[in-house]
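*Asks:* First the structure, which I've put down as structure tokens, then a few questions once you've had a look.
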Amino acid sequence: MKRTHHCNELRPAHIGQTVTLSGWVHSRRDLGGLIFIDIRDREGRTQTVFDPSNLPKELFDRAAALRSECVISVTGKVRHRPEGTNNAKIPTGEVELGVTALEVLNMAEVLPFPVDDPEVAAKVNEELRLQYRYLDLRRPEMSRNLRLRSKVATATRVFMDEQGFLEVETPTLFKSTPEGAREFLVPNRREPGTFYALPQSPQQFKQILMVAGVERYFQLARCYRDEDLRADRQPEFTQVDIEMSFIDREDIYTLIEGLLKRVWKTALNVDIPTPFKRLSFNDALNRYGIDKPDTRFGMELVDFTEEFRASTFKVFSGAISNGGVVKALNAKGLADATQGQIETMTEYAKSFGAKGLAFIKVEKGEWKSPIVKFFNDAEKAALTQKLAIEEGDLILFAADQWLTACEILGKIRLYCADVLKGQGKLSVPADRFDFLWVVDFPLLSFDKEQNRWYSSHHPFTAPVAEDVQFLTSDPKKVRGQHYDIVVNGVELGGGSIRIHQPDVQKTVFEQVLQIPPEMVKARFGYMLEAFRYGAPPHGGIALGFDRLIAILCGTQSIRDVIAFPKTAKGTDLMTDSPAPVEPKQLRDLHLELKMAKKE
Ligand code: ASP
Numbered sequence: 009m010k011r012t013h014h015c016n017e018l019r020p021a022h023i024g025q026t027v028t029l030s031g032w033v034h035s036r037r038d039l040g041g042l043i044f045i046d047i048r049d050r051e052g053r054t055q056t057v058f059d060p061s062n063l064p065k066e067l068f069d070r071a072a073a074l075r076s077e078c079v080i081s082v083t084g085k086v087r088h089r090p091e092g093t094n095n096a097k098i099p100t101g102e103v104e105l106g107v108t109a110l111e112v113l114n115m116a117e118v119l120p121f122p123v124d125d126p127e128v129a130a131k132v133n134e135e136l137r138l139q140y141r142y143l144d145l146r147r148p149e150m151s152r153n154l155r156l157r158s159k160v161a162t163a164t165r166v167f168m169d170e171q172g173f174l175e176v177e178t179p180t181l182f183k184s185t186p187e188g189a190r191e192f193l194v195p196n197r198r199e200p201g202t203f204y205a206l207p208q209s210p211q212q213f214k215q216i217l218m219v220a221g222v223e224r225y226f227q228l229a230r231c232y233r234d235e236d237l238r239a240d241r242q243p244e245f246t247q248v249d250i251e252m253s254f255i256d257r258e259d260i261y262t263l264i265e266g267l268l269k270r271v272w273k274t275a276l277n278v279d280i281p282t283p284f285k286r287l288s289f290n291d292a293l294n295r296y297g298i299d300k301p302d303t304r305f306g307m308e309l310v311d312f313t314e315e316f317r318a319s320t321f322k323v324f325s326g327a328i329s330n331g332g333v334v335k336a337l338n339a340k341g342l343a344d345a346t347q348g349q350i351e352t353m354t355e356y357a358k359s360f361g362a363k364g365l366a367f368i369k370v371e372k373g374e375w376k377s378p379i380v381k382f383f384n385d386a387e388k389a390a391l392t393q394k395l396a397i398e399e400g401d402l403i404l405f406a407a408d409q410w411l412t413a414c415e416i417l418g419k420i421r422l423y424c425a426d427v428l429k430g431q432g433k434l435s436v437p438a439d440r441f442d443f444l445w446v447v448d449f450p451l452l453s454f455d456k457e458q459n460r461w462y463s464s465h466h467p468f469t470a471p472v473a474e475d476v477q478f479l480t481s482d483p484k485k486v487r488g489q490h491y492d493i494v495v496n497g498v499e500l501g502g503g504s505i506r507i508h509q510p511d512v513q514k515t516v517f518e519q520v521l522q523i524p525p526e527m528v529k530a531r532f533g534y535m536l537e538a539f540r541y542g543a544p545p546h547g548g549i550a551l552g553f554d555r556l557i558a559i560l561c562g563t564q565s566i567r568d569v570i571a572f573p574k575t576a577k578g579t580d581l582m583t584d585s586p587a588p589v590e591p592k593q594l595r596d597l598h599l600e601l602k603m604a605k606k607e
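Going by the numbering used here, the sequence shown opens with residue 9, and the numbers climb by one from there.
So this is what it looks like as structure tokens:
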């Protein structure tokens, strides 16, 4: 019995035809002497009916023994569902199959969790879902995610091909270049004591491809970072990795805007407006307190440094005379914040080293706060005007060094938005996408503990041309030609125009980043040498593919869009990996384990 149709195909137009469907028993109901089985495949489901008055007893008994997720083929005649029993929720809801033959292709044991009910499935413990991933992936929501992922990958390849890009695979056995995140190492059997590393990104290879004259490269590249995993990270993940020659930043913006436009159209049939807005790193921090702002709502940070410079409130004027700033935001309508919510926000402030959190609740026409008594009329008027203060508002302050003050209020802004959304006082439509380029990042950041500069992104990012002169004399002044693409407060990707002059790259490595010359030679010597043989100016970007798909699928977790993701501990619960290996395997690798004794 070979299938003639898939399970999402039959419509009233098929009525009267004899067809065969194959799939899984999605659900079984025994009603009024009949057996109703919804048969499901990848495409959808169809109702089938077993009627004992038309079927041999033996066949009916076999249907009666079927459980959820048994695999079957059924043949029967397509007919209208009886009056009043149509199911408007599924595309095949007007018809059913009057079964005449059944083949049981395989039985299924009782499942560890049901896969037919989205509400029940949503409550299933995620560890169980990961352990039985093949069942989890049968759920229509998960199968939709995989399908959308595949569709977007194809659309990406087609678009990049149209734009003249070559897809080039780069090695995943690379060498260790311990600058960024921690790497996964792979011991080399042939030469004891040497190791490969899994690449954190194809960065160096794609730049070398530019030297090789490829001009336009892309890859759906697997990358590896051995970090302690945060909620939305995976030790291995996929990037849409891109590099181009003879271009400037504008070319990258145009390319990515075109790609995302295509992707949104393909995946969601949504036309996103281009070009995207742009915001400098400084403005992003000043206004939103974060370098990946969610601009779907306001609640912007407002500066009050001038107003409070001579304030009698020493917490403010003192911070300013120490070179800091005073900033505030108005959480509109949140004057009823609970003690617990205020404590949460205070903890955010303290985690950045602040002593506490100053705030004003505007209730019953009064400003309720112990700090109000320090404010004069001009200060109050400035607050009222610049923050548009009204009854029911909650005003929150940060008085600190610029970056710290911005970051504190940036976190508080997002927290308040969540609370307000929960209370229905702030609404953000689910289908709204605010794309944004964040530009003009500082090239370097200072590490106080190690007393040295490090690259804000990576050491290959080119400085803005007019800032090159400050590379060694005043590094903090130097802006990088880096850009991030942000949507709804999520960093979708980032990239930069690269350094292509060997002398500038050497200066950055040795004099700015203070990497000893012999180490530079060992790690990056081949790159510096390549740049000496005619390296074109080039730049690129990488988009987080898993995150992109998660946004398109409207899910919070990238684990929902990866077929076989790992847990927060980096384990694969289905295959039980990582796992110990045989002593002989270790001997072959010239490795010996020294394990700390367990208590
Ligand atoms: N290699 C960078 C990253 O993985 C992206 C880029 O600069 O193109 O974040």
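Beta carbons are placed, not taken as given, at the ideal position from N, Cα and C, and that holds for glycine.
1) For the ligand ASP, is there a heavy atom less than 8 Å away from the beta-carbon of lysine 285?
2) Anyone know if the C-beta pair for lysine 214 and glutamate 175 falls short of 9 Å?
3) Does the distance from the CB of leucine 206 to the CB of threonine 164 come in under 9 Å?
4) Serine 463: which of Glu415, Lys429, Glu518, Leu417 sits nearest, CA to CA?
5) For valine 436, does the count of other Cβ atoms within 10 angstroms reach 16, so buried, or fall short, so exposed?
6) Does tyrosine 356 pass the burial test, meaning 16 or more other C-beta atoms within 10 Å, or should it be called exposed?
7) Does the stretch 465-484 come close enough to the stretch 311-325 that 3 or more CB-CB pairs lie under 8 Å?
8) Just mark asparagine 153 as buried or exposed, buried being the case when its beta carbon has 16 or more other beta carbons within 10 Å.
9) Are the CB atoms of alanine 229 and alanine 550 within a distance shorter than 9 Å?
10) Within a Cβ cutoff of 7 Å, which residues of the same chain sit near arginine 87, ignoring the five residues on either side of it in sequence?
11) Between the Cα of leucine 29 and those of Glu457, Thr108, Lys65, Phe572, spot the shortest distance and give me the residue it belongs to.
12) For valine 495, which three-state DSSP category applies?
13) Regarding isoleucine 549 and the ligand ASP, is the C-beta to nearest heavy atom distance less than 8 Å?
14) Can you check whether the CB of serine 81 is closer than 9 Å to the CB of leucine 42?
15) Distance check for arginine 70 and leucine 113, CA to CA, integer angstroms please.
16) Could you name the residues of the same chain whose beta carbon sits closer than 7 Å to that of glycine 498, not counting the 5 residues immediately before and after it, in chain order?
17) Give the range of the beta strand (DSSP E) segment to which methionine 252 is assigned.
18) Within this structure, are the beta carbons of glutamate 415 and isoleucine 298 separated by less than 9 Å?
19) Does the stretch 133-147 touch the stretch 587-605, meaning 3 or more C-beta pairs lie closer than 8 Å?
20) Going by beta carbon distance, what residues of the same chain come within less than 7 Å of arginine 137, once the five residues before and after it are set aside?
21) Taking 8 Å as the threshold, find out whether the stretch 483-498 comes into contact with the stretch 534-542 through three or more Cβ pairs.
22) Any idea what DSSP makes of valine 176, helix, strand or coil?
23) Aspartate 144 by DSSP, collapsed to three states: which one?
24) If I'm right that proline 200 touches histidine 598 with Cβ under 8 Å, what's the distance once you round it to whole angstroms?
25) Could you round the C-beta distance between glutamate 77 and alanine 116 to whole angstroms and report it? I think they count as a contact, below 8 Å.
26) Look at the alpha carbon of threonine 320 and the alpha carbon of glutamate 374, and state the distance between them as a whole number of angstroms.
27) Measure the C-alpha to C-alpha separation of arginine 155 and serine 359 and round it to an integer number of angstroms.
28) Who pairs with cysteine 231 in a beta bridge, going by DSSP?
29) Hey, could you find the ends of the beta strand (DSSP E) proline 195 is sitting in?
30) Using DSSP bridges, identify the partner residues of valine 469.
31) With H, G and I counted as helix, E and B as strand and the rest as coil, what does DSSP make of threonine 303?
32) Quick one: Cα of proline 195 to Cα of aspartate 236, how far?
33) Thinking C-beta only, is alanine 327 closer than 9 Å to alanine 407?
34) If we count the other Cβ atoms within 10 Å of its Cβ and call it buried at 16 or more, is valine 310 buried or exposed?
35) CB tryptophan 272 to CB valine 333, shorter than 9 Å?
36) Any chance the CB of glycine 503 is under 8 Å from a heavy atom of the ligand ASP?
*Replies:* Well, looking at it:
1) Along the sequence shown, read from residue 1 onward, the residue named residue 285 stands at position 277. Relative to the ligand ASP, lysine 285 has its C-beta separated by 8 Å or more from all heavy atoms.
2) Counting from 1 along the sequence shown, the entry for residue 214 is found at position 206. Counting from 1 along the sequence shown, the entry for residue 175 is found at position 167. No, these two residues do not count as a Cβ contact at 9 Å.
3) Here residue 206 is taken as the residue at index 198 of the sequence shown, counted from 1. Here residue 164 is taken as the residue at index 156 of the sequence shown, counted from 1. With contacts defined as CB atoms closer than 9 Å, leucine 206 and threonine 164 fail to qualify as a contacting pair.
4) Position 455 of the sequence shown, counted from the first residue, corresponds to residue 463. Taking only the C-alpha atoms, the option nearest serine 463 is Glu518.
5) Start at 1 with the first residue of the sequence shown, and residue 436 comes out as number 428. Sixteen is the threshold: since fewer than 16 other Cβ atoms of the shown chains lie within 10 Å of the Cβ of valine 436, the residue is exposed.
6) The count along the sequence shown starts at 1 and reaches residue 356 at position 348. By the neighbour-count rule (16 or more Cβ atoms within 10 Å), tyrosine 356 is buried.
7) With a cut-off of 8 Å, the stretch 465-484 and the stretch 311-325 do not count as touching, because too few Cβ pairs lie within range.
8) On the sequence shown, position 145 is the one that residue 153 refers to. Taking all protein chains in view, the Cβ of asparagine 153 is crowded by 16 or more other Cβ atoms within 10 Å, so the residue is classified as buried.
9) Counting from 1 along the sequence shown, the entry for residue 550 is found at position 542. Counting from 1 along the sequence shown, the entry for residue 229 is found at position 221. The answer is yes: Cβ separation under 9 Å.
10) Working through the sequence shown from its first residue, we reach residue 87 at position 79. Short of 7 Å from the beta carbon of arginine 87, and not among the five residues preceding or following it, lie these beta carbons of its own chain, in chain order: Ile23, Val103, Glu104, Gly106.
11) The sequence position of residue 29 within the sequence shown is 21, counting from 1. Thr108 is the residue among Glu457, Thr108, Lys65, Phe572 whose C-alpha sits nearest the C-alpha of leucine 29.
12) For this step, residue 495 is matched to residue 487 along the sequence shown. If DSSP states are grouped into helix, strand and coil, valine 495 belongs with the strands.
13) Residue 549 sits at position 541 when you count from the first residue of the sequence shown. Checking every heavy atom of the ligand ASP against the Cβ of isoleucine 549, one is found closer than 8 Å.
14) What you label residue 42 is simply residue 34 of the sequence shown in a count that begins at 1. What you label residue 81 is simply residue 73 of the sequence shown in a count that begins at 1. In this structure, serine 81 does not lie closer than 9 Å to leucine 42 by Cβ.
15) Translated into the one-based positions of the sequence shown, residue 113 becomes position 105. Translated into the one-based positions of the sequence shown, residue 70 becomes position 62. Rounded to the nearest angstrom, the two C-alpha atoms are 12 Å apart.
16) Translated into the one-based positions of the sequence shown, residue 498 becomes position 490. In the sequence on display, residue 498 carries valine and not glycine. Lys300, Arg555, Ile559, listed in sequence order.
17) To locate residue 252, count along the sequence shown from 1; it is residue 244. It spans 244-253 - the beta strand (DSSP E) in which methionine 252 sits, taken as one unbroken run.
18) Mapped onto the sequence shown, residue 415 falls at position 407. Mapped onto the sequence shown, residue 298 falls at position 290. In this structure, isoleucine 298 lies closer than 9 Å to glutamate 415 by Cβ.
19) Touching, no.
20) Counted from its first residue, the sequence shown places residue 137 at position 129. Hits under 7 Å: Asp144.
21) Too few Cβ pairs lie closer than 8 Å, so no.
22) Position 168 of the sequence shown, counting from 1, holds the residue named residue 176. Correct three-state label for valine 176: coil.
23) Position 136 of the sequence shown, counted from the start, is the residue given in the question as residue 144. Note: aspartate 144 maps to helix in three-state DSSP.
24) Residue 200 sits at position 192 when you count from the first residue of the sequence shown. Residue 598 sits at position 590 when you count from the first residue of the sequence shown. Between the beta-carbon of proline 200 and that of histidine 598 there is about 4 Å, and that keeps the pair under the 8 Å contact cut.
25) Residue mapping note: residue 77 aligns to position 69 of the sequence shown, counting from 1. Residue mapping note: residue 116 aligns to position 108 of the sequence shown, counting from 1. About 4 Å separates the beta carbons of glutamate 77 and alanine 116, which is inside the 8 Å limit, making them a contact pair.
26) The count along the sequence shown starts at 1 and reaches residue 320 at position 312. The count along the sequence shown starts at 1 and reaches residue 374 at position 366. Rounded to the nearest angstrom, the two C-alpha atoms are 21 Å apart.
27) Against the sequence shown, residue 155 aligns to sequence position 147. Against the sequence shown, residue 359 aligns to sequence position 351. A direct Cα-to-Cα measurement between arginine 155 and serine 359 gives close to 42 Å.
28) For the purposes of this step, residue 231 is taken as residue 223 along the sequence shown, with counting starting at 1. In the DSSP assignment, cysteine 231 is bridged to Phe245.
29) The residue labelled residue 195 in the question sits at position 187 within the sequence shown. Where proline 195 is concerned, the enclosing beta strand (DSSP E) stretches over 193-195.
30) Start at 1 with the first residue of the sequence shown, and residue 469 comes out as number 461. Rather than valine, the amino acid found at residue 469 in this sequence is threonine. Residue pairing for threonine 469: DSSP places it in a beta bridge opposite Arg506.
31) As a first step, residue 303 is located in the sequence shown; it is residue number 295 there, counting from the start. It is coil, neither helix nor strand.
32) Counting from 1 along the sequence shown, the entry for residue 195 is found at position 187. Counting from 1 along the sequence shown, the entry for residue 236 is found at position 228. Those two C-alpha atoms are separated by around 22 Å.
33) Taking the sequence shown and counting its residues from 1, one reaches residue 407 at position 399. Taking the sequence shown and counting its residues from 1, one reaches residue 327 at position 319. Contact flag set, yes.
34) Within the sequence shown, residue 310 is the residue found at index 302, counting from 1. Valine 310 should be labelled buried.
35) For this step, residue 272 is matched to residue 264 along the sequence shown. For this step, residue 333 is matched to residue 325 along the sequence shown. In terms of Cβ geometry, tryptophan 272 and valine 333 do not form a close pair [threshold 9 Å].
36) Residue numbering aside, residue 503 sits at position 495 when the sequence shown is read from its first letter. Checking the Cβ of glycine 503 against the ligand ASP gives yes.
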